[in-house]
Each structure stands twice: as structure tokens, then as C-alpha cells.
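Chemist: Right, I'll just put the structure down here and ask away after.
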Amino acid sequence: MSYSYIPNEMKTNKLCILFLFTTILFSTMAKEPTTSKSDLEKLIQNIENKYAPDKRVEIFSIEAIESGEESILKGETTSRLAHQELVTEAREIYPAIKDSIRLLPDEVFGEKNWGVIYNSVADLRSKPAYSSEMVSQVLMGMPVRILDKSGSWRRIQTPEGYIGWMSGSVHKLKHAELQAYLAKPKIVIIAQYAKSYSTADTQSQSISDIVIGNMLTVDGEEKDFYKVTYPDGREAFVEKQNAQEVDSWLSKIDLSGESIVQTAKQLMGVPYVWGGTSSKGLDCSGFTKTVYWLHGIVTARDASQQIKYGVEIDRVGNFDDAQKGDLVFFGVKATDENPKERVVHVGIYIGNQQFIHASDYIHINSFDPESELYDEYNTNRYLRTMRYIGSEDTPGITSTRLHPYYTTP
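Just add 41 to wherever you are in the sequence shown, counting from 1, and you've got the working numbering.
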């Protein structure tokens, strides 16, 4: 038996080399996932910027997490394209990554993921709690898409795409049931405020309040009343003087500057309510949205969204080319120091350098310093004038005749 002799110095060197190699190996292995996860987070952000830049109209809340040895994409989105692209590209970084993203609406809610509003005005909130901010309102008869639920709350999307939470007020339907509802003849309320009754008699029991823009299924007529059915099945009678048949109403709509101004003035004095889009209370963009809705047009909800659509007429404060019915926008101009424009207010141009808007209440002001209605504050923050009339059925300005929420296949 023979033994090989290795000097202690050589043993020490070999051990040092082995330790150094092991350290580098484990260091490299530790850094690789960190780099990949960073790439994954950048990918998620890029997909969000591409498909869901506006959280008011698209849900995209996704993160990459590690659970044991698994990498998981977790969260929720309403964008099918964003989901597909994210998962495909994420697997180029982490081939074995697990997809746990909810594509809303999903099987958690079931087949009844459509609905129709059955209260005169339904409040839409930022979170599923009455204490949360009211972000908008939805009128009776409007179809909505139901995306999710939390207890008694439903997360819905309105015809203009706005997303929020609602408790009650929405009658849930399957898609086929919604199509059947849309095909039924209806009336639209044209009175600013009114009531429905249990019989064709204003002295009978009232069923509910109703406001301008509400829609109800009409089943017949009795005396000076329409017999109607609510989306949730209640039956009632509405005075004919307060309503019109929808088909007749749509066919007679005059989408002109004069008509827009006339309708806007009909709402004079209605108080300002943050999030309001009804004659019970209006914010600035809720006012412009409602006026155009009363002409059969679905517009974007907020001023910062509405300014993106239509045709630009002016941005220097020269109203020579402005026409009645144009929208005038206000806010903070972009500068070199602050390159992002902020749109915070909107009104309707009514001619003669005057505009009507929701500020404290619906009233008229002027851009003319010589006028007793001069509004110095808003004149100084004027941004530009946009024209919607003539741009119907372009992005952001859709007639109910073509809107997918209102049309039947």
C-alpha cells in the first residue's frame, strides 16, 4: 500500500480555490433570479402602460411573486390582450412561471355578468364601501357590465367604460337576457324630476322618483299615462307629459349647438355634486356628459378624458370659430418645468364668449372682461375648445344606436 504525499501548502491553496469557485457559483445563482425578476417587473409595467394607462376604464393590478420555488403572476385585469401578451412574454423570462391572473369577469361571478340599473340614480364608488368616494352615477335603464363582487357590492363598468363599485341598484342578467331586455320598447323620461305611480292616477301610491334620462320598458297606455315595468320587475304608471317613446325620441333628436345649449340651460341651478351625473346633482364633466346623453350620445366621463375627443377649435382664447355646443376646458398648461398638462374643469360654450358650467351650481359665465358675468379665474386657466358635433360615432363620442351596450345582435 502506498500513500501520496501532498504538502500542506498545496492543500491550503486547493481549498482556497474551491472556496472561491463555490462562492462565485452561488453568487451568480443568487443574482440571476433578481435580474430576471427585475425584467419581469419592467415587463408588467410596460404592459400596463400599453393596455391600461387609465385605471378609470381598465383594471390592471398584477404582480410577480415567489412562493417557495415557484414564480407566480398574480392579480386581475379586464384586458384579454394585456393578459395574453404578459403571460407569453413572461414565460420567455421564467419558462415555468405560473399564471394566476383573474381575467374579469370570470367564473367567480357566474353567467349573470350583465345588468340594468333599476333605481333612478345609482351611485358608483371607488371602493366597495359607502364611506368611499363617489366617482360617478348611473341612470335607471342603463345597461352595465358586472365585473366582480365583494359581499353585497358589485364592481361594474358603465357604457362610457367607467369602473366602480355599487351596492344594490343593478338587476343582474345573463347576456341573452340583456339582449331580450334591449329589444323591448321603452320610454325615456324628459322631465327634470317626476314620479311613477301604482295606478294611472297621480293621487295613487308613488312607486319611485324618476329623473331626466331614465329609461323604462313600456307595456301599454292608460289615459294620459304609460304603463311601465322597471328592470327589477316593478310595475308602475308614468305621465305621458313626462316621457317620450325612445324610438321617437331618438329619431327627433336635433344634435345641434342650439339644442345642446337649450338642454344645458334646462339644468340651470342644479347644485354641484362631486361625482354627480344626474339632475339631482352634477359635477362639471357629469354636466357635459349628461347634456350629450340627452341627445343620445355616450361620451367619456371625466374632463381629462373628454378633452381627448372631437375636433380642436382653439387653444389661445380666440372664440371667433367657436360654436354653440362646443366644450371648453380648463386647467394647468404644460410648461418646460411641468410638462404634463392637467385638465380639471369643463363647460359648454353657448355663444357670445359665454359658457355654462357646473361650479357651485349650473350657471353661465363669460370670457369677456367687460361682461358682468366675467369669470377671471376660469379665463386665466383656459386650455382649449373641442367640438363634438359632427364627430358622432368616432372614438369617445358614440350614439346609442351603435353603442355595443345598447345594440342587439
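A virtual CB, placed ideally from N, CA and C, is assigned to each residue, including glycine. Keep in mind the model is a prediction, meaning the values are calculated, not measured.
S245 by DSSP, collapsed to three states: which one?
Modeler: Three-state result, S245: coil.
Chemist: State the beta-bridge partners of M181 as determined by DSSP.
Modeler: Looking at the DSSP assignment, M181 forms no beta bridge with any residue, so it has no partner.
Chemist: Can you say whether R425 is buried or exposed, counting buried as having 16 or more other CB atoms within 10 angstroms of its CB?
Modeler: Looking at its Cβ environment, which holds 16 or more other Cβ atoms inside 10 Å, R425 is buried.
Chemist: Could you check if L25 is buried or exposed, using at least 16 other CB atoms within 10 Å of its CB as the buried criterion?
Modeler: As displayed, the chain neither begins before 42 nor continues past 450, which places residue 25 out of reach and without an answer.
Chemist: Look at the alpha carbon of F328 and the alpha carbon of I158, and state the distance between them as a whole number of angstroms.
Modeler: So the alpha carbons of these two residues sit roughly 20 Å apart.
Chemist: Would the segment 159-173 and the segment 141-148 be scored as touching if the rule is three or more Cβ pairs under 8 Å?
Modeler: Result no; under three Cβ-Cβ pairs closer than 8 Å.
Chemist: Tell me, please, whether the segment 213-225 touches the segment 325-341 by the rule of three or more beta-carbon pairs shorter than 8 Å.
Modeler: Segments in contact, no.
Chemist: How should N393 be labelled, buried or exposed, when 16 other C-beta atoms within 10 angstroms of its C-beta is the threshold for buried?
Modeler: The residue in question, N393, is exposed, as its Cβ has fewer than 16 Cβ neighbours within 10 Å.
Chemist: Taking the straight line between their C-alpha atoms, what separation do you get for C57 and S108?
Modeler: The pLDDT assigned to C57 is 47, lower than 50, so where the model puts this residue is not dependable; a value taken from the coordinates is nonetheless given after this. Approximately 35 Å between the Cα atoms of the pair.
Chemist: How many angstroms separate the CA atom of R97 from the CA atom of S292?
Modeler: Cα-Cα distance, rounded: 32 Å.
Chemist: Could you check where the beta strand (DSSP E) with R196 kicks off and where it finishes?
Modeler: 194-198 is the span of the beta strand (DSSP E), which, as asked, contains R196.
Chemist: By DSSP, does N160 sit in helix, in strand, or in coil?
Modeler: The answer is coil: DSSP assigns N160 none of H, G, I, E or B.
Chemist: Judging by CA-CA distance, which residue of L81, T376, G366 is the nearest neighbour of V387?
Modeler: Of the listed residues, the one whose Cα sits closest to V387 is G366.
Chemist: Spell out a yes or no on whether the segment 373-387 and the segment 409-424 are touching, meaning 3 or more CB-CB pairs, one atom from each, closer than 8 Å.
Modeler: Enough Cβ pairs lie closer than 8 Å, so yes.
Chemist: Does T103 pass the burial test, meaning 16 or more other C-beta atoms within 10 Å, or should it be called exposed?
Modeler: The question names Thr, yet the displayed sequence has Ile at residue 103. So I103 ends up on the buried side.
Chemist: Using 8 Å as the limit for Cβ to Cβ distance, is E280 near chain C?
Modeler: The structure shown contains no chain C; it is built from a single protein chain.
Chemist: Give me the DSSP bridge partner(s) of K115.
Modeler: Its beta-bridge partners are E104, S141.
Chemist: In the DSSP assignment, find the unbroken beta strand (DSSP E) run with A232 in it and report its ends.
Modeler: It is not in any beta strand (DSSP E) - A232 carries neither H nor E in the DSSP assignment.
Chemist: Whose CA, out of E133, V149, G254, lies closest to the CA of E117?
Modeler: Comparing Cα positions, the closest option is V149.
Chemist: Please report how far the alpha carbon of Q244 lies from the alpha carbon of D265, in whole angstroms.
Modeler: Taking the straight line from one Cα to the other gives about 14 Å.
Chemist: Using CA atoms only, rank isn't needed, just tell me which of I197, G182, K153 is closest to H216.
Modeler: Comparing Cα positions, the closest option is K153.
Chemist: Nearest to V252 by alpha carbon, out of S161, Y333, Y267?
Modeler: Of S161, Y333, Y267, the residue nearest in Cα terms is S161.
Chemist: Cutting at 6 Å between CB atoms, please list the residues of its own chain near Y135, excluding the five before and the five after it.
Modeler: Hits under 6 Å: S112.
Chemist: Helix, strand or coil for E276 per DSSP?
Modeler: E276 falls in the strand class under three-state DSSP.
Chemist: For Y390, tell me which candidate among A93, D355, A284 has the shortest Cα-Cα distance.
Modeler: Checking every option, the nearest Cα to that of Y390 belongs to D355.
Chemist: With a Cβ-Cβ cutoff of 8 Å, do M175 and R186 count as a contact?
Modeler: No.
Chemist: Looking only at C-alpha atoms, which of E417, V384, E378 sits nearest to F396?
Modeler: Selected option, being the one with the closest Cα: E417.
Chemist: Would you check if the distance between the CB atom of L455 and the CB atom of L122 is smaller than 8 Å?
Modeler: For the chain, the structure presents residues 42 to 450; residue 455 sits outside this window and is missing.
Chemist: If I follow the unbroken alpha helix (DSSP H) through F328, where does it start and stop?
Modeler: It spans 325-334 - the alpha helix (DSSP H) in which F328 sits, taken as one unbroken run.
Chemist: Can you tell me the Cβ-Cβ gap for L335 and L323, rounded? I've got them flagged as a contact below 8 Å.
Modeler: Between L323 and L335 the Cβ distance is about 12 Å, and since that is not below 8 Å, they are no contact.
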